[in-house]
Each structure stands twice: as structure tokens, then as C-alpha cells.
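Enquirer: Residue numbers (our numbering): 680 to 781.
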Ligand SMILES: [Zn+2]
């Protein structure tokens, strides 16, 4: 459950989805306006999920599979990956800094 660290309001799926496709480091809370950032822990988890998604994307290539097999792996992986990324959202009120500089 993703809650704003300032006002405690729960973020909706749509708000989290919008944040996940944003390149800005901080995003104002839609309820109180306080800047919220993704935690370092979440970003680490998100990187792992992305890595696993890429591994699954290319898995059919190792077996010389048809393009239909690629699509049948790609679509569920994309849907599950995006759902996991959004479902595991963690917010903080302070910027943890760059991923590589922590
Ligand atoms: Zn808030």
C-alpha cells in the first residue's frame, strides 16, 4: 500500500502509474502537494524486476523460437512486470540521491 509520507493519503493505481512513467525524480502528492520520491529500496527492487523482464524477453531467442513464442512471452511478462513495479511502490519525502551514488 503506497501512502504519502506527509498526509498519509493512499495513492491510487492511476497516480502510481503516472509516476512510474515520469522521468522526474520527485512528484508532488496529488492530495497535499508535498514532493514525494521513490525510495532507494524500491528503485533497487524495480531494477531487479526490469532485469528479470529483459531476461524473459530474450528467453525464446535462446531456443530459436518463432515470433509467436516471443509475443506469447513478451505480453504477459510486460503486464506482470508493470503490475509488480506499480504494486511495490514505496514513497519517501526525501530524495535518496542517484541510484549509483548511494
Ligand atoms: Zn500527501
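Quick reminder that beta carbons are idealized off the backbone N, C-alpha and C, glycines included.
(1) How many Å lie between residue 708 and residue 777 at the Cα?
(2) Rounded to whole angstroms, what is the Cα-Cα separation between residue 771 and residue 729?
(3) By how many angstroms is the C-alpha of residue 704 removed from the C-alpha of residue 762?
(4) Any heavy atom of ligand 1 within a distance shorter than 7 angstroms of the CB on residue 743?
(5) Exposed or buried, which one is residue 681 when buried takes at least 16 other CB atoms within 10 Å?
(6) So does residue 713 have its beta carbon nearer than 7 angstroms to some heavy atom of ligand 1?
(7) With 16 as the cutoff for other CB atoms within 10 Å, does residue 690 come out buried or exposed?
(8) Sorted by chain position, which residues of the same chain lie with C-beta nearer than 7 angstroms to residue 696's C-beta, five sequence neighbours on each side aside?
Expert: Let me spell this out:
(1) By one-based count along the chain shown, residue 708 stands at place 29. By one-based count along the chain shown, residue 777 stands at place 98. Answer to the nearest angstrom: the Cα atoms are 21 angstroms apart.
(2) Translated into the one-based positions of the chain shown, residue 771 becomes position 92. Translated into the one-based positions of the chain shown, residue 729 becomes position 50. Looking at the two C-alpha atoms, the distance is approximately 21 angstroms.
(3) Stepping through the chain shown from its first residue, residue 762 is reached at position 83. Stepping through the chain shown from its first residue, residue 704 is reached at position 25. Going from the Cα of residue 762 to the Cα of residue 704 covers about 20 angstroms.
(4) Start at 1 with the first residue of the chain shown, and residue 743 comes out as number 64. Incorrect: residue 743 has no Cβ contact closer than 7 angstroms to ligand 1.
(5) Here residue 681 refers to the residue found at position 2 when the chain shown is read from its first residue. Buried, since its Cβ has 16 or more Cβ neighbours within 10 Å.
(6) Walking along the chain shown from the start, residue 713 turns up at place 34. Flag set: Cβ of residue 713 near ligand 1.
(7) On the chain shown, position 11 is the one that residue 690 refers to. Buried, because 16 or more other Cβ atoms sit within 10 Å of the Cβ of residue 690.
(8) As a working mapping, residue 696 is identified with position 17 in the chain shown. Excluding residues within five positions, the ones whose Cβ falls inside 7 angstroms are 765.
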